[in-house]
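K.L.:
This is the structure we're talking about:
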């Protein structure tokens, strides 16, 4: 059940389909949604739960948005399906790993929720240093 939709170029120099990297989180979500729609259509209508799809969209958005806002720009993106679920790779230009900001009691905080959400909604999260930045790989269970 492995199906891949790599796009753009990553730090290893490998090239996916030759398509440009998604320019924003919405474009990345569209790629993931298309991949999921294609795959589950071929399985005779078997669909993962709507909540699982929403989780996959949220994780995609958070990783791509963080790469653009805090990681010096998106340098690689791929989405593929395997027996484990949805595998996402998002690479950026910064070697700095995401961090969790501890909440301060009795204050309202803007931002800082994305990385904890990614970690909570993903079965596995791996951060791999690259020559020019890092790659974050996640697995999201679909069933």
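Residue numbers (our numbering): 41 to 183.
Glycine included, each C-beta is placed from N, C-alpha and C at the ideal position.
In this text, all values refer to a predicted model and were calculated from it rather than measured experimentally.
With residue 99 and residue 178 assumed to form a contact (beta carbons below 8 Å), what rounded beta-carbon distance in angstroms separates them?
P.N.:
Contact holds; Cβ gap of about 6 Å.
K.L.:
Entirely within the stretch 100 to 176 and at least 4 residues each: give me those alpha helix (DSSP H) ranges in chain order.
P.N.:
Listed in chain order, the complete alpha helix (DSSP H) runs (minimum 4 residues) inside the stretch 100 to 176 are 154 to 161.
K.L.:
Considering only the beta carbon of each residue, do residue 139 and residue 101 sit closer than 8 Å?
P.N.:
No, Cβ-Cβ distance for residue 139 and residue 101 is not below 8 Å.
K.L.:
In the DSSP assignment, what residue or residues form a beta bridge with residue 178?
P.N.:
Looking at the DSSP assignment, residue 178 forms a beta bridge with 128, 165.
K.L.:
Could you name the residues of the same chain whose beta carbon sits closer than 7 Å to that of residue 135, not counting the 5 residues immediately before and after it, in chain order?
P.N.:
Contacts found: 169, 173, 174.
K.L.:
Distance, Cα to Cα, residue 158 vs residue 166?
P.N.:
Cα-Cα distance, rounded: 11 Å.
K.L.:
Using a Cβ-Cβ cut-off of 6 Å (strictly less than) and excluding sequence neighbours within five positions of residue 34, which residues of its own chain qualify?
P.N.:
No statement about residue 34 is possible, as the shown extent of the chain runs from 41 to 183 and does not include it.
K.L.:
Just the C-alpha distance for residue 94 and residue 132, rounded to the nearest angstrom, thanks.
P.N.:
Spanning the two alpha carbons is a distance of roughly 24 Å.
K.L.:
Can you tell me whether residue 147 is buried or exposed? The criterion is at least 16 other CB atoms within 10 Å of its CB, across all chains shown.
P.N.:
Residue 147 should be labelled exposed.
K.L.:
Quick check on DSSP: helix, strand or coil for residue 61?
P.N.:
Three-state DSSP puts residue 61 in coil, outside helix and strand.
K.L.:
What number of angstroms, rounded off, separates the C-alpha of residue 62 from the C-alpha of residue 117?
P.N.:
Taking the straight line joining both Cα atoms gives about 8 Å.
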